[in-house]
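Engineer: Sequential numbering from 0 applies to the sequence shown in numbering that gives the first Met the number 0.
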Amino acid sequence: MSEEKVTTDIITLTRHVLDEQRKHKEASGDLTLLLNAIQLGCKFVATNVRKARIGLAGGVHNISGDEQKKLDVISNEIFINALRSSGKVAVMVSEENEDVIIVEEGLKGKYCVVFDPLDGSSNIDAGVNVGTIFGVYRVAEGSPGTVKDVLRPGNEMVVAGYCMYGSSANMVITVGNGVNGYTLDNSIGEFILTHPNIYSVNEGNAKYWHEACEEYFHSLKFPPEGKNPYSARYIGSMVADVHRTFLYGGMFAYPADKKSKNGKLRLLYECFPMAFLTEQAGGKATTGYERVLDVCPEDIHSRCPIFLGSKDDVEDVERIYKKYS
Ligand code: AHG
Ligand code: MN
Ligand code: MN
Ligand code: MN
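1. Using a Cβ-Cβ cut-off of 6 angstroms (strictly less than) and excluding sequence neighbours within five positions of A211, which residues of its own chain qualify?
2. Unbroken alpha helix (DSSP H) runs of length 4 or more, entirely within the segment 275-320: which are they?
3. Tell me the rounded alpha-carbon separation between A36 and H15.
4. Within 10 Å of its beta-carbon, does A227 have 16 or more other beta-carbons around it, so buried, or fewer, so exposed?
5. Put E189 into one of helix, strand or coil per three-state DSSP.
6. Thinking C-alpha only, which one of N61, L246 and A45 is nearest S167?
7. Taking 6 angstroms as the cut-off, is the C-beta of E189 nearer than that to any heavy atom in ligand 3?
8. I'd like to confirm something about E94: is its beta-carbon nearer than 6 angstroms to some heavy atom of ligand 4, or not?
9. Evaluate D115 with the Cβ neighbour count: other Cβ atoms within 10 Å of its Cβ, from every protein chain shown; 16 or more gives buried, anything less gives exposed.
10. Can you tell me the Cα-Cα spacing of C295 and G153, whole angstroms?
11. Using 6 angstroms as the cut-off, classify the Cβ of D118 as near or not near the heavy atoms of ligand 4, replying yes or no.
12. Looking at ligand 4, does it come within less than 6 angstroms of D115, judged from the CB to the closest heavy atom?
13. Using the Cβ count rule (16 or more neighbours within 10 Å means buried), how would you classify N176?
14. How long is the line joining the alpha carbons of H77 and K42, rounded to whole angstroms?
15. Can you give me the C-alpha to C-alpha distance between L55 and K68, rounded to a whole angstrom?
16. Kindly indicate which residue of H242, D124 and L307 has the alpha-carbon position closest to the one of C162.
17. Go ahead and pull the three-state DSSP assignment for R151.
18. What is the DSSP secondary structure of I77, counted as helix, strand or coil?
19. Suppose you measure from the CA of D126 to the CA of V48; what does that come to, to the nearest Å?
20. At what residues does the alpha helix (DSSP H) containing C212 begin and finish?
21. Applying the criterion that 16 or more other CB atoms from any shown protein chain within 10 Å of the CB defines a buried residue, is R302 buried or exposed?
22. Verify whether the separation of the beta carbon atoms of G119 and S236 is less than 7 angstroms.
23. Rounded to the nearest angstrom, what separates K283 and V158 at their Cα positions?
24. If you measure from the CB of D65, is any heavy atom of ligand 2 nearer than 6 angstroms?
25. With 16 other CB atoms within 10 Å as the buried threshold, where does V149 fall?
26. Look up K107 in the DSSP assignment and say whether it is helix, strand or coil.
27. Tell me whether D256 is buried or exposed, calling it buried when 16 or more other Cβ atoms sit within 10 Å of its Cβ.
28. Looking only at C-alpha atoms, which of C111, I187, Y253 and G225 sits nearest to N204?
29. Taking only the alpha-carbon atoms, compute the straight-line gap between F94 and C111 and give it to the nearest angstrom.
30. Go ahead and pull the three-state DSSP assignment for R232.
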């Protein structure tokens, strides 16, 4: 019987980022340490997602009006503590904090992290995959680190990623040089480097859709002769829907509609990181009218319409929206 080959030379996320960093002589190692803090947060949240029975936290709502679950609050505290104690962060924005968080002198670093500590939390009691989404800006030259450092277009982000908590924890990250996927190996506590036509939108909002939106999704369901209709897949957990779009292709959307003039998803810590990852993976992300990454946030919790996925699908959206602009 052949001996099972033991892999003894694994590429962890930390090693992969260090390899990447060695290519840049001026790199200080701060980004590697920041990503280690983010990894710690994800590992810690992953264990809590797996073990805790989740219920409502007494019907408290966050600034976006979302019902805050116990795990939203726990995940939020885990990330704030991990990022603050890394000493690499100056400014934080979290979905669960109404105001921006400025790290105190002595622990202040040169990065700004915007994050959704637990995405898809409305599904958590149904056992649906949830996740964490994060984006990183460098503090602007000469800035002491203020809210202005995060009210910038997503095209100034230097890192974006998400960690999806499912049967395993899958981290997908870009540092601006393509996209890499890592799976958490629980036995050693490290993220290890590991890699059809679908549309994904909440049809429950169809009653409120604008004409351009109606025409686009109708074109997918009733395509010209000879083309097959798209399949519909919608989980309602952005991390899970986007992860599936990356793996199988197609389109994920949360459009603006008559009920939500800018859609539902938050620009800083949901749309920007997912748009940055999509473009780095060779796709596109549009509001219908413009590149998501070129939008400039007015407020740390601004919402933004988003269509993301393969280039062809997104260009079909832009062509139809152009007709109605
Ligand atoms: P969060 O759980 O961080 O508040 O995000 C929920 C978002 C996103 O995960 C998902 O794409 C969207 O809400 C689903 O909204 P609908 O239930 O309105 O479809
Ligand atoms: Mn929420
Ligand atoms: Mn979210
Ligand atoms: Mn959330």
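For each residue, glycine too, the CB sits at the ideal point set by N, CA and C.
Structural biologist: Reading it off the structure:
1. Sequence-distant partners of A211 (beyond 5 residues in either direction) whose C-beta falls short of 6 angstroms from its own C-beta, in its chain, are I319, Y320 and Y323.
2. If we require 4 residues or more, the segment 275-320 turns out to have no alpha helix (DSSP H) run fully inside it.
3. Going from the Cα of A36 to the Cα of H15 covers about 15 angstroms.
4. Ala is not the amino acid found at residue 227; the sequence shown has Asn there. Burial call: exposed.
5. E189 falls in the strand class under three-state DSSP.
6. Comparing Cα positions, the closest option is A45.
7. The beta carbon of E189 sits no closer than 6 angstroms to any heavy atom of ligand 3.
8. Ligand 4 has a heavy atom closer than 6 angstroms to the beta-carbon of E94.
9. It is buried - the Cβ of D115 has at least 16 other Cβ atoms within 10 Å.
10. About 7 angstroms.
11. Relative to ligand 4, the beta carbon of D118 is positioned inside 6 angstroms of a heavy atom.
12. Correct: D115 has its Cβ closer than 6 angstroms to ligand 4.
13. Burial call: exposed.
14. For the sequence presented, residue 77 should be read as Ile rather than His. Straight-line measurement puts the Cα of K42 at about 10 angstroms from the Cα of I77.
15. With a pLDDT of only 41 at L55, under 50, the local geometry of the prediction cannot be trusted, and the value read off the model is given with reservation. Approximately 5 angstroms between the Cα atoms of the pair.
16. Residue H242 holds the alpha-carbon nearest to the alpha-carbon of C162 among H242, D124 and L307.
17. Here DSSP, grouped into helix, strand and coil, assigns R151 to coil.
18. Per DSSP, reduced to three states, the secondary structure at I77 is helical.
19. A small fix is needed here, since residue 126 is Gly in this sequence, not Asp. Pairing G126 with V48, the inter-Cα distance amounts to about 9 angstroms.
20. C212: member of the alpha helix (DSSP H) spanning E210 to K220, first to last residue.
21. That one is buried.
22. Contact flag set, yes.
23. Rounded to whole angstroms, K283 to V158 spans 17 angstroms at the Cα level.
24. Indeed, a heavy atom of ligand 2 lies less than 6 angstroms from the Cβ.
25. Flag for V149 reads buried.
26. Three-state result, K107: strand.
27. Label assigned to D256: buried.
28. Of C111, I187, Y253 and G225, the residue nearest in Cα terms is Y253.
29. According to the sequence provided, residue 94 is Glu. The question's Phe does not apply to it. Roughly 14 angstroms between the two C-alpha positions.
30. Residue state, collapsed to three classes: coil.
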